[in-house]
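Structure, as structure tokens:
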Amino acid sequence: MSHGVADLLPGRVDESERTYTTTLAISRDRPRTVRISQGRPGSALVEVEGRRLGARATDDLEGSVRRILNLDEDLSEFYALVVDDPALSWAAAGAGRMLRTPTVFEAAIKTICTTNVAWSATVRMVDALVEHLGEAAPTGAHAFPTADAMASVPESFYRETVRAGYRSAYLHALAAGVVAGTFDVEALGAETDLSDDEVAARLLALPGIGPYGAAHLMMLLGRHSRLILDSWTRPKYAQVNGRKASDATVERRFRRYGRYGGLAFWLYLTKDWVPG
DNA sequence: CGTCCAGGTCTAC
DNA sequence: GGTAGACCTGGACGC
Numbered sequence: 487m488s489h490g491v492a493d494l495l496p497g498r499v500d501e502s503e504r505t506y507t508t509t510l511a512i513s514r515d516r517p518r519t520v521r522i523s524q525g526r527p528g529s530a531l532v533e534v535e536g537r538r539l540g541a542r543a544t545d546d547l548e549g550s551v552r553r554i555l556n557l558d559e560d561l562s563e564f565y566a567l568v569v570d571d572p573a574l575s576w577a578a579a580g581a582g583r584m585l586r587t588p589t590v591f592e593a594a595i596k597t598i599c600t601t602n603v604a605w606s607a608t609v610r611m612v613d614a615l616v617e618h619l620g621e622a623a624p625t626g627a628h629a630f631p632t633a634d635a636m637a638s639v640p641e642s643f644y645r646e647t648v649r650a651g652y653r654s655a656y657l658h659a660l661a662a663g664v665v666a667g668t669f670d671v672e673a674l675g676a677e678t679d680l681s682d683d684e685v686a687a688r689l690l691a692l693p694g695i696g697p698y699g700a701a702h703l704m705m706l707l708g709r710h711s712r713l714i715l716d717s718w719t720r721p722k723y724a725q726v727n728g729r730k731a732s733d734a735t736v737e738r739r740f741r742r743y744g745r746y747g748g749l750a751f752w753l754y755l756t757k758d759w760v761p762g
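In terms of the numbering used here, the first sequence opens at residue 487 and continues consecutively.
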């Protein structure tokens with residue numbers, strides 16, 4: 487079973503039908519439940535529940551789907567780097583486009599919910615956030631909550647209802663900081679002139695985000711320099727590699743991929759997720 | 001029923 | 001700059 491933060495979108499992947507269903511927020515309107523599947527070769531089919539959308543809402547939804555499917559990322563430089571590499575040449579066929587959340591805020595909140603807990607607990611916390619704070623679509627399904635919605639409830643809500651434990655303070659502080667403008671997290675997904683170091687520094691300044699979380703979020707932002715080193719990737723590396731290695735050794739091994747070191751590491755670990 | 005720990009982070013040395 | 005200790009929770013495991 488494969489997991490990634492984007493798997494935690496308030497929706498579900500149906501592997502047999504190869505579809506992804508989720509409920510997405512639309513500005514100035516109720517959220518809508520959408521079903522994403524493969525359309526004609528080279529295109530995605532997006533089916534929207536309910537009455538026909540207006541032009542404005544359609545634009546919103548298309549923007550969200552583009553961000554979820556990461557359609558605008560150009561990985562040609564990475565493919566050129568690995569095409570003659572026995573360990574990663576398979577990736578040049580088109581791997582590495584991470585499934586993402588519509589907003590950086592959502593990814594950051596979910597990343598906090600992955601720290602120091604079993605995956606089942608992460609799912610439980612995110613489900614509670616969506617159920618209790620997310621706006622409902624006509625289908626009854628809920629979208630991921632906005633920063634405003636998350637800032638509007640007290641920290642005790644996160645402890646008592648979400649059962650997020652000590653993460654509660656981080657979740658509330660992040661939402662409140664985004665609302666106040668202290669943390670402009672969406673800018674990190676839009677800016678192109680910021681260095682990876684600058685982006686990393688801003689992510690590390692977020693409450694509850696440390697080296698693991700920053701590396702994880704940067705991958706989703708198309709910043710592939712950092713290796714995600716955590717309790718899942720370390721043993722997985724040992725398994726794929728054949729023997730254990732220190733973080734420093736792993737970092738050294740992937741240094742040759744330059745600004746794509748993090749992506750190379752991730753794909754090296756997840757090759758067995760790819761069919762065939 | 002007690003202990004351990006899971007896709008860590010923060011604080012205090 | 002590097003490193004112990006504390007930190008919520010609930011599922012897994014040993015007794």
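For every residue, glycine included, the Cβ atom is placed at its ideal position computed from N, Cα and C.
Note that the structure is a prediction, hence the values are computed from the model and not measured.
Nonlocal neighbours in the same chain, by C-beta distance under 8 Å from residue i, ignoring five residues either side
| i | result |
| --- | --- |
| residue 647 | 614 and 618 |
| residue 500 | 506 and 507 |
Residue i: first and last residue of the uninterrupted alpha helix (DSSP H) it sits in
| i | result |
| --- | --- |
| residue 755 | 747-756 |
| residue 563 | 562-568 |
| residue 684 | 682-690 |
| residue 733 | 733-740 |
| residue 522 | Not the alpha helix (DSSP H): residue 522 falls in the beta strand (DSSP E), residues 515-524. |
| residue 677 | That residue, residue 677, is in no alpha helix (DSSP H); it is neither H nor E in DSSP. |
| residue 546 | 541-555 |
| residue 636 | 633-637 |
| residue 597 | 590-598 |
| residue 760 | Element bounds for residue 760: n/a, residue is neither H nor E. |
| residue 641 | 641-646 |
Distance between beta carbons of residue j and residue i, contact taken as under 8 Å
| i | j | result |
| --- | --- | --- |
| residue 588 | residue 715 | About 27 Å; that fails the 8 Å criterion. |
| residue 704 | residue 685 | 6 Å |
| residue 629 | residue 517 | 4 Å |
| residue 530 | residue 555 | 6 Å |
| residue 660 | residue 620 | Incorrect: roughly 16 Å between the Cβ atoms, too far for contact. |
Segment limits, beta strand (DSSP E) that includes residue i
| i | result |
| --- | --- |
| residue 653 | Premise fails: residue 653 lies in the alpha helix (DSSP H), 653-666, not in any beta strand (DSSP E). |
| residue 507 | 505-512 |
| residue 530 | 530-534 |
Own chain partners of residue i with C-beta closer than 6 Å, once the 5 adjacent residues on each side are dropped
| i | result |
| --- | --- |
| residue 590 | 671, 672, 674 and 675 |
| residue 702 | 597 and 714 |
| residue 503 | none |
Backbone CA spacing between residue i and residue j [nearest angstrom]
| i | j | result |
| --- | --- | --- |
| residue 642 | residue 662 | 14 Å |
| residue 722 | residue 515 | 43 Å |
| residue 761 | residue 532 | 24 Å |
| residue 559 | residue 707 | 9 Å |
| residue 610 | residue 709 | 28 Å |
| residue 740 | residue 578 | 17 Å |
| residue 492 | residue 570 | Note on residue 492: pLDDT 48, under 50, position unreliable in the model; the coordinate value appears next. Approximately 30 Å between the Cα atoms of the pair. |
| residue 635 | residue 665 | 10 Å |
| residue 487 | residue 576 | Reliability fails at residue 487, whose pLDDT of 34 lies under 50, so the model's placement of it is uncertain and the value that follows must be treated cautiously. Distance between the alpha carbons of residue 487 and residue 576: 21 Å. |
| residue 690 | residue 657 | 14 Å |
| residue 677 | residue 669 | 14 Å |
| residue 543 | residue 757 | 37 Å |
| residue 521 | residue 513 | 19 Å |
| residue 541 | residue 557 | 21 Å |
Own chain residues within Cβ distance below 7 Å of residue i, not counting five before or after
| i | result |
| --- | --- |
| residue 489 | Because the pLDDT of residue 489 is 44, which lies under 50, any placement of that residue in the model is unreliable, and the number read from its coordinates should be weighed accordingly. Once the five neighbours on either side are set aside, the close Cβ partners of residue 489 are 605. |
**Report entry** the region 570-582 / the region 744-759 touching (three or more Cβ pairs under 8 Å)
**Finding:** Yes: at least three Cβ pairs fall under 8 Å.
Report task. Would you check if the region 527-541 and the region 622-629 touch, i.e. whether three or more CB-CB distances between them fall below 8 Å? Result -> Short answer: they touch.
**Report entry** Stretch-stretch touch, CB-based, cutoff 8 Å, three pairs: the region 562-569 with the region 726-746
**Finding:** Under the three-pair Cβ rule at 8 Å, the region 562-569 counts as touching the region 726-746.
Query - Stretch pair the region 713-729 + the region 690-701: three plus CB contacts closer than 8 Å - result: Result yes; three or more Cβ-Cβ pairs closer than 8 Å.
Report task. Specify whether the region 674-681 and the region 599-606 touch according to this definition: at least 3 beta carbon pairs, one from each stretch, less than 8 Å apart. Result -> With the cut-off at 8 Å, the region 674-681 and the region 599-606 do not touch.
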